[in-house]
Amino acid sequence: MAKLLITDDAAFMRMTLKKMVTDAGYEVVAEAADGREAVELYEEHKPDLVTMDITMPEMNGIEALEQIKAKDPSAKVLMCSAMGQQNMVVDAIQKGAVDFIVKPFDEPRIREALEKALSR
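For what it's worth, the UniProt record's numbering labels the leading residue of the sequence shown as 1, then goes sequentially.
Now the structure itself:
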């Protein structure tokens, strides 16, 4: 069973995503409320996949992605963005994100993105 780290500054979004991924058969090993926490929890838990919100306080998702990839080039990070953040999504993909999902979350799209990201 794949282990996931969910990163989002909104507790409601973490809860929503956690329910969707656990319903799909994945295990959530940790949750982070900002990029800095995500980097620390990544090192601690070494999850198979990280879902990463882009816009967060402390450290945004792009910076956290760069730090995680610098420490573990094989890390799989799936970016989550609201509509209208396409330029940041392109930046994230160029910096090593495996894919992105748009909020509000669509359960079939989440499952598809998780399967695709984990099969790489």
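Quick reminder that beta carbons are idealized off the backbone N, C-alpha and C, glycines included.
Buried or exposed (CB count within 10 angstroms, at least 16 for buried), residue i
i: P47; result: buried
i: Q85; result: buried
i: D8; result: buried
i: T22; result: exposed
i: Q94; result: exposed
i: S74; result: exposed
Distance CB(residue i)-CB(residue j) smaller than 8 Å
i: M59; j: G35; result: yes
i: residue 122; j: A113; result: What is shown of the chain runs 1 to 120, which leaves residue 122 out entirely.
i: M79; j: I54; result: yes
Residues near residue i in its chain [Cβ-Cβ closer than 6 Å; skip 5 each side]
i: M56; result: D9, D34, G35
Contact test: residue i Cβ vs the ligand NAP heavy atom, cutoff 7 Å
i: Q67; result: Ligands are entirely absent from the displayed structure, and the ligand NAP is therefore not among its contents.
Three-way DSSP call (helix, strand, coil) for residue i in this model
i: A30; result: strand
i: K46; result: coil
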